[in-house]
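Colleague: Okay, handing you the structure first.
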Amino acid sequence: MVSRLTLLKELAAIIPNDVLVVSSIGNNSGFWGQLTEREANLFHATLGMCTPAAFGLALALPNRRVLALDSDGNLILNLGVLGTVANENPKNLTILVMDNRNYLGSHKDEPGMPTATGGKMNLAEVAKACGIANACTIQDAAGLRAEINKALAGSGAHFICASIEELDNDRPPRTKRLADPRENKYQFAGYIQRTEGVEILGSGLGGG
0 MVSRLTLLKE
10 LAAIIPNDVL
20 VVSSIGNNSG
30 FWGQLTEREA
40 NLFHATLGMC
50 TPAAFGLALA
60 LPNRRVLALD
70 SDGNLILNLG
80 VLGTVANENP
90 KNLTILVMDN
100 RNYLGSHKDE
110 PGMPTATGGK
120 MNLAEVAKAC
130 GIANACTIQD
140 AAGLRAEINK
150 ALAGSGAHFI
160 CASIEELDND
170 RPPRTKRLAD
180 PRENKYQFAG
190 YIQRTEGVEI
200 LGSGLGGG
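Quick note on numbering that gives the first Met the number 0: the sequence shown kicks off at 0 and runs consecutively.
Here is the structure:
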């Protein structure tokens, strides 16, 4: 079975720099931050809020591609968002879920506990049942590349569930400091302001 790191390396190699990537709290953010140097990254989306945050960005910025880099444990805490995504069907949103069927498991010394996908739950089928027609499960880097390219070239919401190894024994070296959530928020908002010509943060002087 493929590792999270292998798939994130593949994603880093193919994702355009202007795609907004919202990553869930935990190893998705930790690994993605070490692998990429992008102003278009929003890290550490808290439990249940990665896909909703990306969905909101996709609606607010309809001409900008947005990718939710979510995880099974995170998404399962807010499954209702999939129905809303299906009903709105934003043309520019891709949801990529790293499904290790495990919650809070980091490595062999911290094995965590199984999520519902460790049993009978199939997230791609759940997404389809919610009305997201473009939903699939991938097993390797080639499958990820094919589905990401299809999503970026297509229209409508896409849901990709990546079945990965249960534990992250394969990790990137920690070679740089990642911005803390508050710092990253302002960097990300500033990037959108500059590239989209919209005001998000205001002057900080009052009155807008």
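Glycine included, each C-beta is placed from N, C-alpha and C at the ideal position.
For residue 48, which residues does DSSP report across the bridge?
Modeller: Reading the sequence shown from its first residue, position 49 is the one you call residue 48. Paired residues: none, contrary to the question.
Colleague: With 16 as the cutoff for other CB atoms within 10 Å, does residue 68 come out buried or exposed?
Modeller: Reading the sequence shown from its first residue, position 69 is the one you call residue 68. It is buried - the Cβ of residue 68 has at least 16 other Cβ atoms within 10 Å.
Colleague: Is the number of C-beta pairs between the segment 41-61 and the segment 3-10 that are closer than 8 Å three or more?
Modeller: no
Colleague: Could I get the ranges of all uninterrupted beta strand (DSSP E) runs contained in the segment 2-48, with 3 residues as the minimum, in chain order?
Modeller: 19-23, 40-44
Colleague: How many whole angstroms separate the CB atoms of residue 71 and residue 122, which I take to be in contact at a CB cut-off of 8 Å?
Modeller: Residue numbering aside, residue 71 sits at position 72 when the sequence shown is read from its first letter. Residue numbering aside, residue 122 sits at position 123 when the sequence shown is read from its first letter. With a contact defined as Cβ atoms closer than 8 Å, residue 71 and residue 122 qualify at about 7 Å.
Colleague: Looking only at its own chain, which residues have a Cβ that is under 7 Å from the Cβ of residue 34, when we skip the five neighbours before and after it?
Modeller: Mapped onto the sequence shown, residue 34 falls at position 35. Excluding sequence neighbours, residue 34 sits near 7, 8, 11, 171.
Colleague: Which residue wins for smallest C-alpha separation from residue 148, given the options 165, 91, 81, 83?
Modeller: Numbered from 1 along the sequence shown, position 149 holds the residue referred to as residue 148. The option with the nearest alpha carbon to residue 148 is 91.
Colleague: Report the three-state DSSP secondary structure of residue 96 (helix, strand or coil).
Modeller: One-based indexing of the sequence shown puts residue 96 at position 97. The answer is strand: DSSP assigns residue 96 an E or B state.
Colleague: Flag this pair as yes or no: are the beta carbons of residue 64 and residue 143 separated by less than 8 Å?
Modeller: Walking along the sequence shown from the start, residue 64 turns up at place 65. Walking along the sequence shown from the start, residue 143 turns up at place 144. Against a cut-off of 8 Å, the Cβ pair of residue 143 and residue 64 comes out as no contact.
Colleague: Taking the alpha-carbon positions, what's the residue 200 to residue 189 distance?
Modeller: Indexing the sequence shown from 1 puts residue 200 at position 201. Indexing the sequence shown from 1 puts residue 189 at position 190. Their backbone Cα atoms lie some 8 Å apart in a straight line.
Colleague: For residue 185, I'd like the list of residues in its chain whose CB is within less than 8 Å of its CB, leaving aside the five on either flank, ordered along the chain.
Modeller: Here residue 185 refers to the residue found at position 186 when the sequence shown is read from its first residue. If we look at residue 185 and ignore the five residues flanking it on each side, its Cβ neighbours are 200.
Colleague: Going by Cα to Cα distance, which pick from 141, 88, 28, 198 is closest to residue 153?
Modeller: By 1-based counting over the sequence shown, the position of residue 153 is 154. Each of 141, 88, 28, 198 was checked against the Cα of residue 153, and the nearest Cα belongs to 88.
Colleague: Tell me whether residue 207 sits in a helix, a strand or coil according to DSSP, three-state version.
Modeller: As a working note, residue 207 is residue 208 in the sequence shown. Summary for residue 207: the model assigns pLDDT 48, below 50, so the residue's position carries little reliability; its value from the coordinates is reported in the next sentence. If DSSP states are grouped into helix, strand and coil, residue 207 belongs with coil.
Colleague: Ends of the beta strand (DSSP E) at residue 68?
Modeller: Sequence index remark: in the sequence shown, residue 68 carries index 69 (1-based). Run containing residue 68: 65-70, per the beta strand (DSSP E) assignment.
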